[in-house]
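Protein chains: 2
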Amino acid sequence: MSTAPRPSRRNEIRAQNETLILQAAEKVFAEAGFGGATMQLIADVAGLPKANLHYYFATKEDLYRRVVQNIFEIWLHAADVMDDAPGPAEGIGAYIEAKMEISRRHPDGSKVWASEVMHGAPVIQDYLETTLRDWTTGRAGLIQRWIDEGKMAQVDPEHLLYMLWATTQHYADFGHQIETLNGGKPLTDTQWKAAKASVKQIILRGIGAI
Amino acid sequence: MSTAPRPSRRNEIRAQNETLILQAAEKVFAEAGFGGATMQLIADVAGLPKANLHYYFATKEDLYRRVVQNIFEIWLHAADVMDDAPGPAEGIGAYIEAKMEISRRHPDGSKVWASEVMHGAPVIQDYLETTLRDWTTGRAGLIQRWIDEGKMAQVDPEHLLYMLWATTQHYADFGHQIETLNGGKPLTDTQWKAAKASVKQIILRGIGAI
DNA sequence: GTCTATAGGGCGATAGAC
DNA sequence: GTCTATCGCCCTATAGAC
């Protein structure tokens, strides 16, 4: 019986520290951008010595890539609610609801993604060309079927998707601006409810789904 | 008669070089973010020695602030078209048209603004609290009057403004993503026309203005 | 697996000749 | 007003003791 950690224990430590570092990194990358973020600050937020970060993630870019992938995965699965819906009112309504909730719960991830795309997607370009393109084609097809079935007005499915992304992510990416215009205070539960209702009302009405 | 430049000539040189530097800076800040941008790269893009930048703009932050102010001014004036309109169909339609055109013509400025706000507006917070807040209150009031006059559906004016900003600026800030989904090619004239039409159709219908 | 110390490189900013 | 050379700082990344 060795006193050294068995592999499973070692893996637990690794998983725990990785999660801790990833959470700190998401926050720091969101607040300072890739170039403005420093490994020292991420280490401080995570409560670890800087050298430990390089033990778990070889380079700053590796760490950054993992943060970007995380939010991407979350968004991809948010669209599952559309697939089983009987029509656009339920499907797109639920998708808006899900995306708004993610903007509320993961604003930092959304900001890191926005920053990455704005700078030309130097790190996740391959995801845009494969996973995101397939995802978009599939969901545009679903919307087109709803149009063909007369369940909503004739709109361009891709531009509708852009509008859904833009409007929902705005509450995360421009959350600071919204907070400032709200008297410097974050939106309350009631205000978030009103925001979701406004977005759903205008878009669902705009596409003739209600 | 001195051979040295007279004050007016000197001012011309200053104005020319400032414009040259500001254009280069907008491009570099948009592509790399504030932290990722370097004075050396901005100088290279402008075709000037790095030291000259510091002659015209004392610090990197001074230069950055001017770039952010530029796009802000452009956006503020884009809303003039709303004020003289007889109703929401014309007013908000024209505002969407103007904002979409700015996204097309000044995508870099839009990205720099987005980045600044995402990082908590460290440099232009005072503008958000004064100029933007007043602007927003005024336009929300105009929209509320249209609602009271029965010219459009009852929607929350502020959330409508957020949707207008989000949707139009998305075509600049996420232009790279849109281009990738468009087969790696920028939107053509025809595609931009379709984008504008889609946005106007869904929003104007969504607020009951058409 | 953890941490201190430091190497090595690039940055913003400036001095000073022209 | 322009430009070269350089200073001083802070960054990422790593070596090596524990």
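Going down the list, the protein sequences come from chains Y and B.
Heads up: the first sequence begins at 2 in the working numbering, then just goes up one per residue.
Heads up: the second sequence begins at 2 in the working numbering, then just goes up one per residue.
For every residue, glycine included, the Cβ atom is placed at its ideal position computed from N, Cα and C.
Please determine, among the options, the residue with the shortest C-alpha to C-alpha distance to residue i.
i	options	result
B/D149	B/A47, B/R11 and B/G88	B/G88
Y/H78	Y/A95, Y/N183, Y/A16 and Y/E32	Y/A95
Y/V69	Y/E27, Y/V46, Y/L133 and Y/A210	Y/E27
B/T20	B/V124, B/G48, B/T39 and B/G151	B/G48
Y/V124	Y/K61, Y/V200 and Y/Q17	Y/K61
Y/D190	Y/E32, Y/L42 and Y/M101	Y/M101
Y/M40	Y/Y65, Y/Q17, Y/A16 and Y/D135	Y/Y65
B/E23	B/H120, B/W166, B/L188 and B/V46	Checking the sequence shown, residue 23 of chain B turns out to be Leu, not Glu. Comparing Cα-Cα distances from B/L23 to each of B/H120, B/W166, B/L188 and B/V46, the minimum goes to B/V46.
Y/F73	Y/D85, Y/S111 and Y/A59	Y/S111
B/H55	B/W76, B/G92 and B/R15	B/R15
B/P50	B/N18, B/A38 and B/A167	B/N18
B/N12	B/V29, B/Y57 and B/G36	B/Y57
Y/R67	Y/N183, Y/F35, Y/A80 and Y/I97	Y/F35
Y/T131	B/A195, B/T181 and B/E32	B/T181
Y/P158	Y/N71, Y/T137 and Y/K152	Y/T137
Y/V82	Y/D63, Y/L188, Y/R140 and Y/L129	Y/R140
B/I208	B/S9, B/Q145 and B/A80	B/Q145
Y/A167	Y/D135, Y/A115 and Y/D109	Y/A115
B/S199	Y/K197, Y/Y172 and Y/I204	Y/I204
Y/L133	Y/A80, Y/Q170, Y/A99 and Y/F175	Y/A80
B/F175	B/H107, B/Q202, B/A122 and B/H160	B/H107
B/M164	Y/A154, Y/G184, Y/I97 and Y/W147	Y/I97
B/K194	B/I211, B/Y172, B/R206 and B/Q178	B/Y172
Do we get a CB-CB distance below 8 Å when we pair residue i with the residues of chain B?
i	result
Y/A167	yes
Y/A5	Caution is warranted here: a pLDDT of 48 is assigned to Y/A5, below 50, making its placement in the model unreliable, and the coordinate value is therefore given only provisionally. Judged by the 8 Å Cβ criterion, Y/A5 is not in contact with chain B.
Y/R15	no
Y/F35	yes
Y/G94	no
Y/R206	yes
Y/E74	no
Y/E27	no
Y/A210	no
Y/E62	no
Y/S199	yes
Kindly say whether residue i, judged by its beta-carbon, lies nearer than 8 Å to any beta-carbon of chain Y.
i	result
B/T191	no
B/A90	no
B/Q202	yes
B/T137	yes
B/A47	no
B/S9	no
B/A196	yes
B/E32	yes
Worksheet item: In chain order, which continuous runs of the alpha helix (DSSP H) of length 4 or greater are located wholly inside the segment 20–59 of chain B?
Response: 40–47 and 51–57
Discussion item. Tell me which residues of the segment 171–182 of chain Y have at least one Cβ-Cβ distance to chain B shorter than 8 Å, keeping chain order.
Written reply: H171, Y172, D174, F175, H177, Q178, I179, T181 and L182
Worksheet entry | Selection of the segment 96–120 of chain B by Cβ proximity to chain Y, strictly under 8 Å | K112, A115, S116, V118, M119 and H120
Worksheet item: the segment 154–165 of chain B: which residues have C-beta closer than 8 Å to a C-beta of chain Y, in chain order?
Response: A154, V156, D157, E159, H160, L161, Y163 and M164
Item to complete: Just list the alpha helix (DSSP H) runs in the segment 151–187 of chain B, keeping only unbroken ones of 4 residues or longer that don't cross its boundaries, in chain order.
Response: 158–174 and 176–182
Worksheet item: Which ranges would you report for the alpha helix (DSSP H) in the segment 74–128 of chain B if only whole runs of at least 4 residues count?
Response: 81–84, 89–106 and 108–119
Practice prompt. Below 8 Å between beta carbons is the criterion; list the residues of the segment 122–151 of chain Y that meet it against any residue of chain B, in chain order.
Written response: A122, Q126, L129, E130, L133, R134 and T137
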